[in-house]
Amino acid sequence: MIAAGGALAVRVANFGDGIDFFAPALKPYRTTEFVPTDPRAFVPLSVTGGACALQCEHCAAKVIKPMVSVPAGPGLYESAVALAAAGTKGILVSGGSQKDGEVPLLRHLDAMARIKQELGMRVVVHTGLVRRRELAQGLAAAGIDAAMLDIIGADETIRDVYHLADTTVDDFERAVALLADAGLCIIPHIVIGLHFARLLGEDNALEIISRYPVSTLVLVVLTPLVGTAMAHLEPPPVAEVSAFFGRARDRLPTTKVNLGCARPLGSMKVELDRAAIDHGLNGIAYPAEGSVAYARARGLEPRFYDYCCSLTWVEAVA
Amino acid sequence: MSVEERPAKDLTNVMVSGYRLLLDRRYHADDHTWARQEGDLIRIGLDDLGQATTGDLAQIALRRAGEHVRHGEELGTLEAQKYVGPLRSPVCGEIVATNEAAARGPRVVNEDPYGLGWLVLLRPEEHDDLAGLVGPDEAPAWFAKKADGFRREGVLSE
Chain A
8 MIAAGGALAV RVANFGDGID FFAPALKPYR TTEFVPTDPR AFVPLSVTGG
58 ACALQCEHCA AKVIKPMVSV PAGPGLYESA VALAAAGTKG ILVSGGSQKD
108 GEVPLLRHLD AMARIKQELG MRVVVHTGLV RRRELAQGLA AAGIDAAMLD
158 IIGADETIRD VYHLADTTVD DFERAVALLA DAGLCIIPHI VIGLHFARLL
208 GEDNALEIIS RYPVSTLVLV VLTPLVGTAM AHLEPPPVAE VSAFFGRARD
258 RLPTTKVNLG CARPLGSMKV ELDRAAIDHG LNGIAYPAEG SVAYARARGL
308 EPRFYDYCCS LTWVEAVA
Chain R
128 MSVEERPAKD LTNVMVSGYR LLLDRRYHAD DHTWARQEGD LIRIGLDDLG
178 QATTGDLAQI ALRRAGEHVR HGEELGTLEA QKYVGPLRSP VCGEIVATNE
228 AAARGPRVVN EDPYGLGWLV LLRPEEHDDL AGLVGPDEAP AWFAKKADGF
278 RREGVLSE
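Written out as structure tokens, the structure reads:
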């Protein structure tokens with residue numbers, strides 16, 4: 008594996024000295040270094056409200072609860088119309104999973120197509136574990152901008168954390184393949200420490216991802232949430248997470264790799280952000296206070312965006 | 128149980144829309160900070176809706192004792208599950224003390240926002256400083272309206 012200094016050099020050689028900082032409207036955010044100018048620019052919606060059939064050990068549907076619920080009656084399109092009228096330029100269509108791990112999106116495909124065609128909004132979709140070619144092709148036909156999904160590289164994690172029966176790592180690879188076959192822009196996520204705060208399938212997930220044409224890899228870090236089965240755990244050690252940052256940069260030297268919004272807060276966040284910068288990651292969501300100055304001190308030039316780090320390939324949400 | 132034996136009902140401690148509201152203090156209508164007169168000083172903290180909409184607090188950084196703040200200026204910064212940003216002062220004055228225990232263990236603000244989770248003790252510079260805040264007569268209706276709004280926006284679960 009290349010050392011931190013080497014990783015930063017690889018990243019500068021392949022991407023230049025710009026580093027991206029993101030702050031979408033998932034939560035109010037402001038530091039002395041980054042004040043979003045358009046906090047409603049990108050808004051996450053849940054097509055299932057706060058409901059999720061999987062109730063994974065690390066999440067228990069806590070992540071989708073703060074999202075805007077898509078009402079059953081008016082639906083996704085009307086929600087997008089209201090958001091567009093308020094100035095929103097892009098949406099994340101997310102939601103809880105069905106028992107098979109897929110987010111119930113088929114009934115929303117027409118709405119997504121209308122949102123793209125009539126409202127001109129950016130539409131990023133969190134698909135969950137795509138099982139059906141019909142869904143991948145439908146998303147592509149709707150013209151969505153990108154599909155994102157977690158990639159799990161260990162069968163034990165799929166069984167014990169996600170509670171997915173009769174599902175293996177091969178099913179996650181097949182999901183990426185279905186999205187790739189449909190020609191979609193793919194934004195895989197790896198949750199570092201997902202197996203009860205231990206690294207287990209992360210490197211295998213990285214290998215799977217390296218076999219497909221992904222647009223951006225988003226790394227997030229297990230954050231033990233109150234009200235979940237993992238609430239009592241300590242997050243994975245910074246040193247192990249940092250080392251994985253380096254391996255990701257090493258394995259995907261020409262693919263953008265961002266540090267996503269889900270990661271432990273407080274002093275660990277400061278350390279993780281610095282490690283991400285040192286190991287040559289391309290961007291950071293909701294940077295900790297001081298991270299922008301640290302990036303500058305490492306010779307990088309910060310750029311700021313009011314949208315999701317999954318939209319990293321878009322220079323501006325027009 | 129006789130009438131005498133019944134515990135006295137605390138009329139200053141009420142539940143509004145599922146969240147606790149104390150009527151012995153005043154509230155900033157937008158920032159969800161509370162301010163309570165204690166002799167010559169004013170103690171400041173987050174109200175129950177404030178801590179709930181902020182989410183699990185991970186870090187609190189407060190300004191030092193001896194510093195002066197004006198209305199709306201930062202008393203410090205909060206980093207939480209659902210919020211990263213400034214803690215604004217509802218009144219104007221000199222910081223006399225900060226809650227170091229809360230800075231070391233921010234969870235206390237979520238668990239006891241009106242008590243052990245206080246944040247700043249301040250010597251006010253204007254005697255009528257609290258008058259612009261929401262008082263006990265209006266507070267229950269204001270609190271209920273804000274809770275409903277947060278639920279509609281999805282900031283609070285149903």
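One line per chain: the protein sequences are A and R, in this order.
Counting from 8, one number per residue, gives the positions in the first sequence under this note's numbering.
Counting from 128, one number per residue, gives the positions in the second sequence under this note's numbering.
Quick reminder that beta carbons are idealized off the backbone N, C-alpha and C, glycines included.
Computed from a predicted structure; not experimentally measured.
* To do: Throw me the rounded Cβ distance for the R:Arg147 and R:Arg163 pair, which I believe falls under 8 angstroms.
  => Position 20 of the second sequence holds residue 147 of chain R. Position 36 of the second sequence holds residue 163 of chain R. R:Arg147 to R:Arg163, Cβ: 15 angstroms. No contact.
* Asked: Any residues in the region 135-160 of chain R with a beta carbon nearer than 9 angstroms to a beta carbon of chain A? Which ones, in chain order?
  -> Taking 9 angstroms as the cut-off between beta carbons, none of the residues of the region 135-160 of chain R comes near chain A.
* Asked: Alpha carbon to alpha carbon, what distance is there between R:Ile187 and A:Ala187?
  -> One-based indexing of the first sequence puts residue 187 of chain A at position 180. One-based indexing of the second sequence puts residue 187 of chain R at position 60. Each residue's Cα considered, the two are about 44 angstroms apart.
* Under 7 angstroms between C-beta atoms of A:Val227 and A:Val198 -> Looking up residue 227 of chain A in the first sequence gives position 220. Looking up residue 198 of chain A in the first sequence gives position 191. Against a cut-off of 7 angstroms, the Cβ pair of A:Val198 and A:Val227 comes out as a contact.
* Asked: DSSP beta-bridge partners for A:Asp157?
  -> One-based indexing of the first sequence puts residue 157 of chain A at position 150. Note: A:Asp157 sits in a beta bridge opposite A:His196.
* Looking at the unbroken alpha helix (DSSP H) that takes in A:Ile216, where does it start and where does it end? -> By 1-based counting over the first sequence, the position of residue 216 of chain A is 209. Residues Glu209 to Ser217.
* Taking only beta carbons into account, state which residues of the region 222-233 of chain A come closer than 9 angstroms to chain R, listed in chain order. => Residues of the region 222-233 of chain A with a Cβ closer than 9 angstroms to any Cβ of chain R, in chain order: Thr230, Leu232 and Val233.
* Asked: So what's A:Leu307 in DSSP terms, helix, strand or just coil?
  -> Against the first sequence, residue 307 of chain A aligns to sequence position 300. It is coil, neither helix nor strand.
* If you measure from the beta carbon of A:Leu272 to each beta carbon in chain R, is any gap under 7 angstroms? -> Against the first sequence, residue 272 of chain A aligns to sequence position 265. Closer than 7 angstroms to some Cβ of chain R, the Cβ of A:Leu272 qualifies, so yes.
* Asked: Can you give the Cα-Cα distance for A:Val248 and A:Gln124, rounded to whole angstroms?
  -> Numbered from 1 along the first sequence, position 241 holds the residue referred to as residue 248 of chain A. Numbered from 1 along the first sequence, position 117 holds the residue referred to as residue 124 of chain A. Those two C-alpha atoms are separated by around 41 angstroms.
* Mind listing which residues of the region 201-217 of chain R have their C-beta closer than 9 angstroms to chain A's C-betas, in chain order? -> Contact annotation: in the region 201-217 of chain R, residues whose CB is within less than 9 angstroms of a CB in chain A are Thr204, Glu206, Ala207, Gln208, Lys209, Tyr210, Val211, Gly212 and Pro213.
* Asked: Out of curiosity, what's the CA-to-CA distance linking R:Val130 and R:Asp137?
  -> Start at 1 with the first residue of the second sequence, and residue 130 of chain R comes out as number 3. Start at 1 with the first residue of the second sequence, and residue 137 of chain R comes out as number 10. Because R:Val130 carries a pLDDT of 41, less than 50, the predicted location of this residue cannot be relied on, and the following value inherits that uncertainty. Each residue's Cα considered, the two are about 15 angstroms apart.
* At a cut of 8 angstroms, does the region 109-120 of chain A reach the region 44-60 of chain A through at least three beta carbon pairs? -> The answer is yes - the region 44-60 of chain A touches the region 109-120 of chain A, with three or more Cβ pairs under 8 angstroms.
* Asked: With a cut-off of 7 angstroms, does the C-beta of R:Gln178 fall near any C-beta of chain A?
  -> In the second sequence, residue 178 of chain R corresponds to position 51, counting from 1. For R:Gln178, the answer is no, since every Cβ of chain A falls outside 7 angstroms of its Cβ.
* Span of the alpha helix (DSSP H) around A:Asp117 -> In the first sequence, the residue the question calls residue 117 of chain A occupies position 110. Boundaries of the alpha helix (DSSP H) harbouring A:Asp117: Leu116 to Arg121, taken from the DSSP string.
* **Residue range of the beta strand (DSSP E) that includes A:Ser53** => Taking the first sequence and counting its residues from 1, one reaches residue 53 of chain A at position 46. Phe49 to Ser53 is the extent of the beta strand (DSSP E) around A:Ser53.
* Under a CB-based cut-off of 7 angstroms, is A:Tyr301 close to chain R? -> On the first sequence, position 294 is the one that residue 301 of chain A refers to. It does not; no Cβ of chain R falls within 7 angstroms.
* Asked: Where DSSP assigns a beta bridge to A:Phe28, which residues make up the other side?
  -> Here residue 28 of chain A refers to the residue found at position 21 of the first sequence. According to DSSP, which records beta bridges pairwise, A:Phe28 is partnered with A:Ile291 and A:Phe311.
* Asked: Does the Cβ-Cβ distance between A:Ala189 and A:Ala153 come in under 7 angstroms?
  -> Counting from one through the first sequence, the residue named residue 189 of chain A turns up at place 182. Counting from one through the first sequence, the residue named residue 153 of chain A turns up at place 146. Taking C-beta atoms as the reference points, A:Ala189 and A:Ala153 fail to come closer than 7 angstroms.
* To do: Can you pull the chain C residues whose beta carbon is under 9 angstroms from the beta carbon of R:Asp183, in chain order?
  => Included in the structure are the protein chains A and R, with no chain C among them.
* Asked: In chain order, what residues of the same chain have a beta carbon less than 6 angstroms from the beta carbon of A:Ala14, not counting five sequence neighbours either side?
  -> Position 7 of the first sequence holds residue 14 of chain A. Non-local beta-carbon contacts of A:Ala14 in its own chain, meaning distances under 6 angstroms to residues more than five positions away in sequence, involve Gly253, Arg256, His286 and Gly287 in chain order.
* Asked: Excluding sequence positions up to five away, which residues of its chain have a Cβ less than 6 angstroms from the Cβ of A:Glu40?
  -> Indexing the first sequence from 1 puts residue 40 of chain A at position 33. Same-chain partners within the cutoff: Val299.
* Within the 7 angstroms Cβ cut-off, does A:Lys34 reach chain R? -> Counting from 1 along the first sequence, the entry for residue 34 of chain A is found at position 27. Chain R has a Cβ within less than 7 angstroms of the Cβ of A:Lys34.
* Asked: Over what stretch of residues does the alpha helix (DSSP H) that includes R:Gln186 continue unbroken?
  -> The count along the second sequence starts at 1 and reaches residue 186 of chain R at position 59. It is not in any alpha helix (DSSP H) - R:Gln186 instead sits in the beta strand (DSSP E) that spans Leu184 to Leu189.
* In chain order, which alpha helix (DSSP H) runs of at least 4 residues are fully inside the region 218-284 of chain R? -> Counting whole runs of 4 or more residues, the region 218-284 of chain R contains the alpha helix (DSSP H) stretches 227-231, 234-238 and 266-279.
* Residues of the region 73-97 of chain A with a CB closer than 9 angstroms to any CB of chain R: list them in chain order, please. => When C-beta distances to chain R are compared with 9 angstroms, the residues of the region 73-97 of chain A below that value are Pro73, Met74, Val75 and Ser76, in chain order.
* If we count Cβ pairs, one from each stretch, closer than 8 angstroms, do we get three or more for the region 246-261 of chain R versus the region 221-231 of chain R? -> Judged by Cβ distances under 8 angstroms, the region 246-261 of chain R makes contact with the region 221-231 of chain R, as three or more pairs qualify.
* **Option nearest R:Asp174 by Cα separation, candidates R:Thr204, R:Gly244, R:Leu168 and R:Ala228** => Walking along the second sequence from the start, residue 174 of chain R turns up at place 47. By alpha-carbon distance to R:Asp174, the top candidate from R:Thr204, R:Gly244, R:Leu168 and R:Ala228 is R:Gly244.
* Is the shortest distance between the beta-carbon of A:Arg37 and the beta-carbons of chain R less than 7 angstroms? -> Counting from 1 along the first sequence, the entry for residue 37 of chain A is found at position 30. Yes, A:Arg37 lies at the interface with chain R (some Cβ there is under 7 angstroms from its Cβ).
* If you follow the beta strand (DSSP E) that A:Ala87 is part of, which residue opens it and which one closes it? -> Stepping through the first sequence from its first residue, residue 87 of chain A is reached at position 80. Where A:Ala87 is concerned, there is no enclosing beta strand (DSSP E), although the alpha helix (DSSP H) it sits in stretches over Gly82 to Ala92.
* To do: Enumerate in chain order the residues of its own chain whose CB-to-CB distance from R:Val143 is below 6 angstroms, with the five nearest sequence positions on each side excluded.
  => If you number the second sequence from 1, residue 143 of chain R lands on position 16. Residues Pro267, Phe270 and Ala271 of the same chain have their beta carbon placed closer than 6 angstroms to that of R:Val143, with the five preceding and five following residues left out of the count.
* Once you ignore the five residues that flank A:Phe102 on each side, which residues in its own chain have a CB closer than 6 angstroms to its CB? -> Residue numbering aside, residue 102 of chain A sits at position 95 when the first sequence is read from its first letter. One point to set straight first is that residue 102 of chain A is Gly, not Phe, in the sequence displayed. Sequence-distant partners of A:Gly102 (beyond 5 residues in either direction) whose C-beta falls short of 6 angstroms from its own C-beta, in its chain, are Ser53, Val54, Thr55 and Val110.
* **Secondary structure of A:Thr230, DSSP reduced to three states** => For the purposes of this step, residue 230 of chain A is taken as the residue at position 223 of the first sequence. Three-state DSSP puts A:Thr230 in coil, outside helix and strand.
* Which value, in whole angstroms, describes the spacing of the CA atoms of A:Cys63 and A:His170? -> Against the first sequence, residue 63 of chain A aligns to sequence position 56. Against the first sequence, residue 170 of chain A aligns to sequence position 163. Each residue's alpha carbon lies about 6 angstroms from the other.
* To do: Identify, in the order they occur along the chain, each residue of the same chain with its Cβ nearer than 7 angstroms to the Cβ of A:Ala283, setting aside the five sequence neighbours on each side.
  => Position 276 of the first sequence, counted from the start, is the residue given in the question as residue 283 of chain A. Once the five neighbours on either side are set aside, the close Cβ partners of A:Ala283 are Phe252, Leu266 and Ile291.
* By the 10 Å Cβ neighbour count, where 16 or more other Cβ atoms means buried, how is R:Ser216 classified, buried or exposed? -> Locating residue 216 of chain R in the second sequence gives position 89, where the first residue counts as 1. Its Cβ being crowded by 16 or more others within 10 Å, R:Ser216 is buried.
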